[in-house]
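A.B. asks: To start, I am sharing the structure in question, which I have written as structure tokens.
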Ligand SMILES: Nc1ncnc2c1ncn2[C@@H]1O[C@H](COP(=O)(O)OP(=O)(O)OP(=O)(O)O)[C@@H](O)[C@H]1O
Ligand SMILES: [Mg+2]
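Chains as they are written, first to last, in my numbering: chain A, 1421 to 1701; chain B, 871 to 1138.
Given below as structure tokens:
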């Protein structure tokens, strides 16, 4: 137990706060700060001006629909094709949620384990870096060859994209040892496991939420990409098929759905972070 | 325990292995703290005060020598010893109540609600149970830490510069509070501080440590009745004692300046 001999210095710059790596909680905390009715009104007015202005400009210069459809056409396509697009959204969500859950779980467990063994971490680090930096989309053709055209290759791709993102962020969190807090727990006779669950895990929580957010966005990206390659079903497949048929309003309707999905994911983790890791800010 | 000695330190030495060789942090320290006594330790930075305290808490092992609690060697943390750290060291994700419940969770026991309520009342924290640490002032946080340390009724309280980060007024308040609690509970208290005034005000005995290697240099009795008032701080006795201790510490620091960082090995 080498940690026994570390006297915490309790200087204010101790590991307890700050220094959380590339991404940090402030990215989450800097979320929409809507304060009052007036703010809402301004946001709505700006949105109306942007959308209305776009509509007006596209009309004014009579931009052809295959270059850029008008907002009204996109909205119309969204309504008329909604029931047709919906199952594809369902497929994308299935791939995303199962792939993300698997990837996040494995990533969290690996992060927890390797940070307990610094030596193992040194050995594994390069491979993790490779997993993080290699776009998992590159593997999709291979996965399709091996697992066919169903959910399986897509779920694997999503898991491979999300897992490492969750892992590096969570590992950063688990590495934030605050020797003072660990000493506190040890002074009551805490076991290594108790220290993990009651000190390390809560301290890592803000970074874990960052990892989950980044991971799920990467997962969405990969799911859509895999659908574009794999064909058959899913929002990505809709994108390729609508663009090949030059159905641009429908195409943009799908893009709109994807961006709303992305925003919802962001907001979900923002709120979760706010609820469970607000002590950080 | 028949001799009334609560904590006994015998020939305690601690060597830290460092990149530039072994560092002798404390060298053959001897110290007895009687049950129900308040002892302060002062000394220059690096004289091994924290090291000594941590070996007593069972968080550190000694390189040689022994520390005993009630005549039994201390080898691991024990629930007979409560610790108060320099910054309050509260868990920021837990509210006050959950912070105080933390020791019990670790020990797998039910908190003694009545006793904790009494302590909370004593330190003036009633009604703050659901506050988060960041919502509290430094003094209030340290009160929570004090309640947490006393919540499981340890017979010894070890405090490492507990009020160093507080302003002078809050610090004085906390000193009175510690004495009040002491008079209630008669807990044996060992207090490390950088403030000679605080050391004298609270202690029955002030121990001065010297640096490199950390040794126990001298010991001074503070024979004032309790409860003490701040008035004693302006008496001639206290004035003289403060000066003596100050001279010892400053002298030690001066003589240290000429000396290289000791890398001597502990004897034994
Ligand atoms: N974990 C460690 N590894 C190596 N050296 C250490 C370690 N902890 C303390 N030391 C050294 O041991 C000596 C005594 O340190 P210690 O913290 O006990 O002194 P202190 O009297 O509490 O000082 P301060 O008043 O600044 O808190 C110092 O020289 C310090 O640098
Ligand atoms: Mg110290």
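Quick reminder that beta carbons are idealized off the backbone N, C-alpha and C, glycines included.
How about residue 1606 (chain A): is its C-beta nearer than 9 Å to some C-beta of chain B?
C.D. replies: So, interface residue.
A.B. asks: Please report the straight-line C-alpha distance between residue 905 (chain B) and residue 874 (chain B), rounded to a whole angstrom.
C.D. replies: If you take the alpha carbons of residue 905 (chain B) and residue 874 (chain B), they lie about 6 Å apart.
A.B. asks: Less than 8 Å separating the Cβ of residue 953 (chain B) from some heavy atom of ligand 1?
C.D. replies: Outside the cutoff, so no.
A.B. asks: Measure the alpha-carbon distance for residue 1489 (chain A) versus residue 1474 (chain A) and round it to whole angstroms.
C.D. replies: Taking the straight line joining both Cα atoms gives about 10 Å.
A.B. asks: Can you look up residue 936 (chain B) in the DSSP assignment and give me helix, strand or coil?
C.D. replies: Residue 936 (chain B): strand per DSSP, three-state reduction.
A.B. asks: Could you check if residue 826 (chain B) is buried or exposed, using at least 16 other CB atoms within 10 Å of its CB as the buried criterion?
C.D. replies: Residue 826 (chain B) lies beyond the range of chain B shown here (871 to 1138); nothing can be said about it.
A.B. asks: Comparing the C-beta of residue 1010 (chain B) with each C-beta of chain A, is any distance below 9 Å?
C.D. replies: Not an interface residue.
A.B. asks: To which residues of the same chain is residue 918 (chain B) closer than 6 Å at the C-beta, ignoring the five residues directly before and after it?
C.D. replies: Here the set comprises 895, 896 and 1084.
A.B. asks: Just the Cα atoms here: how many angstroms apart are residue 1445 (chain A) and residue 1626 (chain A)?
C.D. replies: Any reading at residue 1445 (chain A) must be qualified, since the residue scores a pLDDT of 44, below 50, and its modelled position is unreliable; no value is offered.
A.B. asks: Let me know the secondary structure DSSP gives residue 1696 (chain A) once reduced to three states.
C.D. replies: Of the three classes helix, strand and coil, the one that applies to residue 1696 (chain A) here is helix, per DSSP.
A.B. asks: Let me know if residue 883 (chain B) comes out buried or exposed under the rule of 16 or more other beta-carbons within 10 Å of its beta-carbon.
C.D. replies: By the neighbour-count rule (16 or more Cβ atoms within 10 Å), residue 883 (chain B) is buried.
A.B. asks: Flag this pair as yes or no: are the beta carbons of residue 1531 (chain A) and residue 1593 (chain A) separated by less than 9 Å?
C.D. replies: Yes, these two residues count as a Cβ contact at 9 Å.
A.B. asks: Are the beta-carbon atoms belonging to residue 952 (chain B) and residue 1057 (chain B) less than 9 Å from one another?
C.D. replies: A contact, by the Cβ cut-off of 9 Å.
A.B. asks: Consult DSSP for residue 1433 (chain A) and reduce its assignment to one of helix, strand or coil.
C.D. replies: Only weak support is given to the placement of residue 1433 (chain A): the predicted model assigns it a pLDDT of 40, under 50, and the value that follows is read from those uncertain coordinates. In this structure, residue 1433 (chain A) counts as coil in the three-state DSSP scheme.
A.B. asks: Ignore the nearest five residues each way along the sequence and tell me which others in residue 1441 (chain A)'s own chain have a CB closer than 6 Å to its CB.
C.D. replies: Its pLDDT being 37, under 50, residue 1441 (chain A) is placed unreliably by the model, and nothing is read from it.
A.B. asks: What are the boundary residues of the alpha helix (DSSP H) that includes residue 1490 (chain A)?
C.D. replies: Element bounds for residue 1490 (chain A): n/a, residue is neither H nor E.
A.B. asks: When you compare only the Cα positions, how much space is there between residue 1511 (chain A) and residue 947 (chain B)?
C.D. replies: Going by the C-alpha atoms only, they are around 55 Å apart.
A.B. asks: So is residue 1030 (chain B) buried or exposed if we call it buried at 16+ other beta carbons inside 10 Å?
C.D. replies: Classification for residue 1030 (chain B): buried.
A.B. asks: Following a CB-centred definition, is residue 898 (chain B) positioned closer than 8 Å to any heavy atom of ligand 1?
C.D. replies: Answer for residue 898 (chain B): no, Cβ out of range of ligand 1.
A.B. asks: May I ask which residues mark the beginning and end of the alpha helix (DSSP H) holding residue 1078 (chain B)?
C.D. replies: Residue 1078 (chain B) -> not in any alpha helix (DSSP H); beta strand (DSSP E) instead, spanning 1075–1080.
A.B. asks: What number of angstroms, rounded off, separates the C-alpha of residue 989 (chain B) from the C-alpha of residue 1677 (chain A)?
C.D. replies: Approximately 57 Å, taken between the alpha carbons.
A.B. asks: Do residue 1584 (chain A) and residue 1645 (chain A) have their C-beta atoms within less than 9 Å of each other?
C.D. replies: Not a contact, by the Cβ cut-off of 9 Å.
A.B. asks: Please give the ranges of any alpha helix (DSSP H) in the region 1036–1072 of chain B, keeping only runs that are unbroken, at least 4 residues long and fully inside the region.
C.D. replies: You should have 1038–1055 and 1066–1072.
A.B. asks: Rounded C-beta distance between residue 1614 (chain A) and residue 1501 (chain A)? I'm assuming under 8 Å.
C.D. replies: About 55 Å; that fails the 8 Å criterion.
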